Amino acid sequence: MNRGYICLVQNNATTDYLRLAYALALSIRNTQSKVKKLSIVTDEKDIPRKYREVFDNIIEIKHDRAAEANWKLHNIVDLYEYTPYDETVMLDSDMLFLDDVSHWWDKFQERNLWFATNTRTYMNEAAPLDTIYREEFLKNDLPSVYNAFFYFKKSNEAEELFNEMKLICENWDHFVSRHLYKRKPKVFSTDVAFGLAVKILGLKEKATLTDLCFPYFTHMKTANQRWSLSTFEFDENWTKYPPMSFDRFNNTLGIKIGNVRQFGILHYHVKTFLTDEMLEILEGVQ
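Okay, here's the thing in structure tokens:
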């Protein structure tokens with residue numbers, strides 16, 4: 001079976017997501033023993049040569065569902081058609097692989113769908129489920145899924161799920177008023193939309209395994225870290241709080257947050273976290 005990672009990449013006025021995806025691709029190449037391929041789906045035309053060399057495929061968006069949006073998530077609903085792989089893991093661009101998770105794929109192949117439902121703090125503790133980021137899930141009784149790490153296999157179930165996602169995306173206000181009225185999202189959210197699609201189709205048991213510790217990633221949103229912060233102190237830029245450092249470690253980029261060595265997959269969230277010096281380490285391993 002042909003396996004690989006895929007990522008939607010659309011820049012906006014504030015963020016160069018292509019640069020983030022380039023770092024992600026380098027981190028995958030540096031750390032993974034088996035599946036090293038990352039394809040991107042993008043509307044970017046001017047892609048530097050060194051970027052092109054690390055992406056397995058650069059797939060052009062055919063119909064841009066997010067043309068009028070600043071937060072460009074909508075084209076995720078078409079990734080089933082775009083993926084060149086039989087087995088795919090969908091990722092967010094603001095992630096870094098810090099060590100090898102290749103063994104997960106052997107377990108993934110037993111299913112057609114598998115969402116991450118577990119996230120960790122930088123201290124490697126289970127992140128709380130009742131944060132401000134998950135209110136729509138809790139109030140509307142949705143499966144708490146994360147599309148930042150989502151495995152799917154070419155299959156009837158996966159195709160059905162993505163077709164439902166298209167319906168939700170194209171009729172967002174209708175689905176919000178009918179299904180999410182107990183806590184309405186302010187904007188279109190792919191996590192919420194996937195959770196709703198899984199619920200409507202009755203796929204929770206087939207798409208999630210909450211009793212297993214994987215797949216997981218370290219989710220560096222501030223409210224996930226179990227810090228005791230007052231409303232006055234709270235800031236979504238988590239980099240203001242713990243000290244950080246980075247180095248070359250195990251032949252790739254090593255990161256310490258609060259003097260804790262990070263492992264697995266880091267979803268750093270704050271886009272300015274990725275420095276040019278970090279990129280130089282990632283590039284130097286090639």
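Per full-length UniProt numbering, the very first residue in the sequence shown carries number 1; after that it's consecutive. Don't be surprised by glycine CBs; every beta carbon is placed ideally from N, CA and C. Bear in mind the structure is a predicted one, so any value in this text is a computation, not a measurement.
Bridge partners - residue i, DSSP secondary structure assignment
i, result
"VAL89", "TYR5 and TYR151"
"ILE257", "MET244 and VAL260"
"ASN118", "TYR216"
"ILE59", "VAL41"
"MET95", "HIS267"
"LEU113", "PHE152"
"TYR80", "According to DSSP, TYR80 bridges with nothing at all."
"TYR51", "Its beta-bridge partners do not exist; DSSP assigns none."
Three-state secondary structure (DSSP) of residue i
i, result
"ASP201", "The amino acid occupying residue 201 in the given sequence is Leu; Asp does not appear at that position. Looking at LEU201 - three-state DSSP - the assignment turns out to be helix."
"ARG19", "helix"
"THR272", "helix"
"ILE281", "helix"
"SER177", "helix"
"MET123", "coil"
"HIS267", "strand"
"PHE234", "coil"
"residue 294", "Here the chain has residues from 1 to 286 only, and residue 294 is not among them."
"THR210", "coil"
"PHE162", "helix"
"PHE188", "coil"
"THR131", "coil"
"THR252", "strand"
Minimum C-alpha distance to residue i - residue among the options
i, options, result
"MET90", "ALA126, ARG52, ILE47 and VAL145", "VAL145"
"ASN12", "LEU26, LEU73 and PHE217", "LEU73"
"THR31", "THR275, ASP276, VAL270 and LEU266", "LEU266"
"TYR85", "TYR181, ILE6, LEU209 and ALA207", "ILE6"
"PHE108", "LYS199, ILE59, PHE150 and LEU98", "PHE150"
"VAL198", "ASP211, LEU253, TYR181 and ASN147", "ASN147"
"TYR51", "ARG19, TRP71 and ASP43", "ARG19"
"THR210", "LEU129, THR15 and ASP173", "LEU129"
"LEU98", "ASP247, LEU167 and THR275", "ASP247"
"GLU159", "TRP104, PHE194 and CYS213", "PHE194"
"TRP105", "TYR133, SER230, ARG3 and LYS45", "ARG3"
"VAL187", "ILE255, ALA69 and HIS179", "ALA69"
Cβ separation of residue i and residue j, assumed to be a contact under 8 angstroms, to the nearest whole Å
i, j, result
"LYS153", "SER102", "With 8 angstroms as the limit, LYS153 and SER102 do not qualify as a contact, their Cβ atoms being about 17 angstroms apart."
"ASP92", "LYS271", "About 11 angstroms; that fails the 8 angstroms criterion."
"ALA23", "LEU201", "Between LEU201 and ALA23 the Cβ distance is about 35 angstroms, and since that is not below 8 angstroms, they are no contact."
"VAL9", "LEU26", "Not a contact, Cβ separation roughly 14 angstroms."
"MET165", "GLU87", "The Cβ separation is near 19 angstroms, so there is no contact."
"LEU203", "GLU157", "7 angstroms"
Contact test: residue i Cβ vs the ligand PLP heavy atom, cutoff 7 angstroms
i, result
"THR121", "Questions concerning the ligand PLP fall outside what the structure shown contains, since it holds no ligand whatsoever."
>> Count Cβ pairs between the stretch 113–132 and the stretch 212–230 that sit closer than 8 angstroms; are there 3 or more?
In response: yes
> Should the stretch 34–41 be called in touch with the stretch 112–119, which here means at least 3 C-beta pairs below 8 angstroms?
Replying inline: no
>> I want to know whether the stretch 133–145 touches the stretch 235–244 - three or more CB-CB distances under 8 angstroms.
In response: no
> Are three or more beta carbon pairs between the stretch 205–219 and the stretch 256–272 nearer than 8 angstroms?
Replying inline: yes
> Given 8 angstroms as the limit, is there contact between the stretch 75–83 and the stretch 47–65, that is, 3 or more CB pairs closer than that?
Replying inline: yes
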